[in-house]
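Note sheet for the following structure.
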Amino acid sequence: MIFNLRRSAAPLLRTRNLEIDGMHVPVILRRNVRARRFILKIGANKPEVILTMPGNGSETEAMDFAISQAPWIKSRINAQPDIIAFAPGVEIPLRNLMHTLEHRPNQRGTVWVLEDDNSELGQPVICVAGDQRHLARRVRDWLKKQARSDLAQSVAIHSEHLGLRAKGITIRDQTTRWGSCSSTGGLSFSWRLILAPPFVLDYVAAHEVAHLEEMNHGPRFWKLVEQCIPDYRDAQKWLKSSGSKLHIYGEQH
Ligand SMILES: [Zn+2]
Numbered sequence: 039m040i041f042n043l044r045r046s047a048a049p050l051l052r053t054r055n056l057e058i059d060g061m062h063v064p065v066i067l068r069r070n071v072r073a074r075r076f077i078l079k080i081g082a083n084k085p086e087v088i089l090t091m092p093g094n095g096s097e098t099e100a101m102d103f104a105i106s107q108a109p110w111i112k113s114r115i116n117a118q119p120d121i122i123a124f125a126p127g128v129e130i131p132l133r134n135l136m137h138t139l140e141h142r143p144n145q146r147g148t149v150w151v152l153e154d155d156n157s158e159l160g161q162p163v164i165c166v167a168g169d170q171r172h173l174a175r176r177v178r179d180w181l182k183k184q185a186r187s188d189l190a191q192s193v194a195i196h197s198e199h200l201g202l203r204a205k206g207i208t209i210r211d212q213t214t215r216w217g218s219c220s221s222t223g224g225l226s227f228s229w230r231l232i233l234a235p236p237f238v239l240d241y242v243a244a245h246e247v248a249h250l251e252e253m254n255h256g257p258r259f260w261k262l263v264e265q266c267i268p269d270y271r272d273a274q275k276w277l278k279s280s281g282s283k284l285h286i287y288g289e290q291h
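Residue numbers (our numbering): 39 to 291.
See below:
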């Protein structure tokens, strides 16, 4: 079931929980007055269900419908891949907002974004020109460039705020760490931070900048981080709960 919703047309009602053979599946209920029946969609790369309700449908009916579809939901969630390779039609979170990858072989350029208002799907699209054989690499290079640009900006802001100076930024595919700071003052970051919410990327930048002054995780270090990001614990919580999800995207290196 492919169903594209304009986010504005289907306000989020609430999230309910469905238990299928011991598996807990969040069911995100939305209402769309234009829908004529209950419509189920499996979340993009996520073990969750989006259930669109028609104008006159009740939540009880919606959950009854979800229960009646439990075998289908279970099989679809179990079939979700462990790795989401960059390929046409795949959805990837750019700055935590789902974008569909589209191949545009006949168009000039390399990689560009269509915001939802300009895309046929009614949701943001990352368009990739050129030969399909190079699509995955082009997407990856482009995401790295986006990561570098956002991280450079955050590093500049926090360095200035703390009166420190980084010796340059390297973007890597670190699997164990989101960022690091060398003793010579060079900062490295994982490109995957561009998939996270911007406040998370900003926190990791501030964290590594603070290491330019304090090469430890002592109280003085955390004071510096807090000076840059007063509510940095929210970002830490996000990384703890959702950070591993960022590793499913793209081929692994
Ligand atoms: Zn650290």
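Positions of the beta carbon are idealized from the N, C-alpha and C atoms, including for glycine. Every value quoted in this text rests on a predicted model; they were computed, and no experiment measured them.
Query: For review: beta carbons within less than 6 Å of any heavy atom in ligand 1; Result: His245, His249, His255
Query: Residue range of the unbroken alpha helix (DSSP H) whose run includes Met101; Result: 97-106
Query: Pro64 - DSSP class collapsed to helix/strand/coil; Result: strand
Query: Residue from Glu97, Glu86, Asp272, Pro143 whose Cα sits closest to the Cα of Ser113; Result: Glu86
Query: Coil, strand or helix - Ile232 by DSSP; Result: helix
Query: Where Val87 sits in the DSSP three-state scheme; Result: strand
Query: Range covered by the alpha helix (DSSP H) that runs through Ala125; Result: Run containing Ala125: none; DSSP gives neither H nor E here.
Query: Where Ile40 falls: helix, strand or coil (DSSP); Result: Caution is warranted here: a pLDDT of 42 is assigned to Ile40, below 50, making its placement in the model unreliable, and no coordinate value can be reported.
Query: Where Gly281 falls: helix, strand or coil (DSSP); Result: helix
Query: First through last residue of the alpha helix (DSSP H) which encompasses Ala174; Result: 173-200
Query: Proximity winner among Gly223, Arg52, Leu139, Ser221, relative to Gln170 (alpha-carbon distances); Result: Leu139
Query: C-alpha gap between Asp272 and Ala108, whole angstroms; Result: 34 Å
Query: Per-residue burial, Gln145 [other beta carbons within 10 Å of its own, 16 or more giving buried]; Result: exposed
Query: Helix, strand or coil at His255 according to DSSP, with G and I counted as helix; Result: coil
Query: Cβ-based neighbour list, Ile286, same chain, cut-off 6 Å, excluding 5 preceding and 5 following; Result: Ile121, Ile122
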